[in-house]
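Residue numbers (my numbering), protein chains in the order written: chain A, 57 to 353; chain B, 76 to 235.
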């Protein structure tokens, strides 16, 4: 029987109240959202917070909306919300690709986007998707709010830039002008339905004619720094979106990631997955971008 | 901590430790043993109940998180002594063998049919993909849900 250690519990009904509670109890406090990462960790006694600050009653943090040139996702949006939001799929197919393979439908009902990000598991899927989309995170603290690039959010496995008296409140994804020439995709290989990835890749491609004007490639579970395949991105920028180029980008991504052998598979196999999945998501993203352009013209 | 939870339409007040999991609150405090305590790791789904209108794995929710909310368990599905059509269908189609996974399967299936009254076999399989039947009786579980949706329960076979 897995039982968390003794813990105090506070319920916050506003961001201000949550921040006041975090400030009062830091560094012994942890934000409790869906709890589907934190509670298992507490049951295994891998973390033992002194105080839980439950933010589930801050209903104003649960939203997914296009605002100006951004898609904004409230930190308390559930995974099921993101999968069900047409506005998310309309702009970024990668998000729906990823959500379909995150955990299982019942876990997605309750687990939150912000919670997954702040847990910062090195195999987490949305961290790679948001890195590919070059999003940013809004973090509130005692001194106000700050915006941090998705590519600077994680400082290591299970570690983020969010301080003990701070909380993540929103994820922002830029919607570029002429978005109809962009496409995105996510693919994951796992041992069984609902499992963490052995390896996964996401790509967002922006096309100028048939040339790749910009690209984001996110990798998870394979030791990619900040979940990004930076060298492959650099190689692709300004090159034609043809098959040999995309295949070469997959090879570059595989060369530069640093997977570890573990119970999910040997490092060589994971490297092979990175090469294949990176090429496939680039191919799909390019095809989707062209299809969207075809629809627009 | 004092909490107030409406379970199957009945208000319950209890003083609980914040670390108490919802599944243990239901089973040990309220003696509602329909929801089963299975893997304890949010993998098997035997503990699925509804928190307000949403199926959740109650081994991974604290009882204090249900304070001020409604919980529905398998005991709350029948109305006036009449079983829910999903319960009837599980009985008719042999949707249960040992019965351990059944309460969670039925709670998720009821929710699926409330949101998608005519699901395909593939959609049913997706809906219960976070729940494990250790008898491996999935074929009959899918048939049961199809029958509850108004099909004859024979079109969810191996090809489904």
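Every residue, glycine too, gets a C-beta built ideally from N, C-alpha and C.
Start and end residues, beta strand (DSSP E) containing residue i
i: residue 162 of chain B; result: Element bounds for residue 162 of chain B: not the beta strand (DSSP E) but the alpha helix (DSSP H), 160-167.
i: residue 223 of chain A; result: 223-230
i: residue 273 of chain A; result: 267-276
i: residue 121 of chain A; result: 120-123
i: residue 201 of chain A; result: 200-205
For residue i, the three-state DSSP class (helix, strand or coil)
i: residue 243 of chain A; result: strand
i: residue 207 of chain B; result: coil
i: residue 147 of chain B; result: strand
i: residue 254 of chain A; result: strand
i: residue 62 of chain A; result: coil
i: residue 99 of chain B; result: helix
i: residue 112 of chain B; result: coil
i: residue 333 of chain A; result: helix
i: residue 233 of chain B; result: The predicted model places residue 233 of chain B with a pLDDT of 44, which falls under 50 and marks its position as unreliable; any figure quoted below should be read in that light. DSSP places residue 233 of chain B in coil when its eight states are reduced to three.
i: residue 317 of chain A; result: coil
i: residue 105 of chain B; result: coil
i: residue 193 of chain A; result: strand
i: residue 78 of chain B; result: strand
i: residue 324 of chain A; result: helix
i: residue 339 of chain A; result: helix
i: residue 96 of chain A; result: helix
Residue i vs residue j beta-carbon contact at 8 Å
i: residue 113 of chain A; j: residue 154 of chain A; result: no
i: residue 206 of chain A; j: residue 165 of chain A; result: no
i: residue 150 of chain A; j: residue 242 of chain A; result: yes
i: residue 88 of chain A; j: residue 109 of chain A; result: yes
i: residue 123 of chain B; j: residue 179 of chain B; result: yes
i: residue 80 of chain B; j: residue 142 of chain B; result: yes
i: residue 118 of chain A; j: residue 133 of chain A; result: yes
i: residue 168 of chain A; j: residue 71 of chain A; result: no
i: residue 401 of chain A; j: residue 106 of chain A; result: Missing from the structure shown is residue 401 of chain A; chain A here goes from 57 to 353 and no further.
i: residue 187 of chain A; j: residue 284 of chain A; result: yes
i: residue 197 of chain A; j: residue 222 of chain A; result: yes
i: residue 329 of chain A; j: residue 250 of chain A; result: no
i: residue 131 of chain B; j: residue 162 of chain A; result: yes
i: residue 297 of chain A; j: residue 263 of chain A; result: yes
Any chain A beta carbon closer than 8 Å to residue i
i: residue 223 of chain B; result: no
i: residue 235 of chain B; result: Any reading at residue 235 of chain B must be qualified, since the residue scores a pLDDT of 41, below 50, and its modelled position is unreliable; no value is offered.
i: residue 132 of chain B; result: yes
i: residue 205 of chain B; result: yes
i: residue 231 of chain B; result: Residue placement at residue 231 of chain B is flagged as unreliable, the pLDDT there being 49, under the threshold of 50; the coordinate-derived value follows with that caveat. Residue 231 of chain B does not count as touching chain A.
i: residue 139 of chain B; result: yes
i: residue 198 of chain B; result: no
i: residue 94 of chain B; result: yes
i: residue 113 of chain B; result: no
i: residue 214 of chain B; result: no
i: residue 201 of chain B; result: yes
i: residue 148 of chain B; result: no
i: residue 116 of chain B; result: yes
Residue i: first and last residue of the uninterrupted alpha helix (DSSP H) it sits in
i: residue 181 of chain B; result: 177-190
i: residue 18 of chain B; result: Beyond the ends of chain B as shown, which are 76 and 235, falls residue 18 of chain B; an answer cannot be given.
i: residue 219 of chain B; result: 213-223
i: residue 162 of chain A; result: 161-166
i: residue 79 of chain A; result: 71-81
i: residue 197 of chain B; result: 196-202
i: residue 145 of chain A; result: 142-147
i: residue 306 of chain A; result: 299-312
i: residue 181 of chain A; result: 181-188
Residue-chain proximity (residue i, chain B), Cβ-Cβ < 8 Å
i: residue 95 of chain A; result: yes
i: residue 318 of chain A; result: no
i: residue 250 of chain A; result: yes
i: residue 92 of chain A; result: yes
i: residue 182 of chain A; result: no
i: residue 245 of chain A; result: no
i: residue 64 of chain A; result: yes
i: residue 230 of chain A; result: no
i: residue 58 of chain A; result: yes
i: residue 163 of chain A; result: yes
i: residue 132 of chain A; result: no
Nearest-angstrom Cβ-Cβ length linking residue i and residue j, presumed shorter than 8 Å
i: residue 239 of chain A; j: residue 344 of chain A; result: 3 Å
i: residue 276 of chain A; j: residue 180 of chain A; result: 6 Å
i: residue 78 of chain B; j: residue 94 of chain B; result: Actually they do not touch by this definition, with Cβ atoms about 13 Å apart.
i: residue 246 of chain B; j: residue 212 of chain B; result: One cannot answer for residue 246 of chain B here, as it falls past the ends of chain B, which runs 76 to 235.
i: residue 137 of chain B; j: residue 96 of chain B; result: 6 Å
i: residue 221 of chain B; j: residue 181 of chain B; result: Residue 221 of chain B to residue 181 of chain B, Cβ: 14 Å. No contact.
i: residue 338 of chain A; j: residue 261 of chain A; result: 7 Å
i: residue 109 of chain B; j: residue 148 of chain B; result: 5 Å
i: residue 246 of chain A; j: residue 334 of chain A; result: So it is not a contact: roughly 17 Å between Cβ atoms.
i: residue 160 of chain B; j: residue 202 of chain B; result: Actually they are not in contact, since the Cβ atoms of residue 160 of chain B and residue 202 of chain B sit about 16 Å apart, beyond 8 Å.
i: residue 170 of chain A; j: residue 131 of chain A; result: 3 Å
i: residue 159 of chain A; j: residue 210 of chain A; result: Residue 159 of chain A to residue 210 of chain A, Cβ: 20 Å. No contact.
i: residue 146 of chain B; j: residue 91 of chain B; result: So it is not a contact: roughly 14 Å between Cβ atoms.
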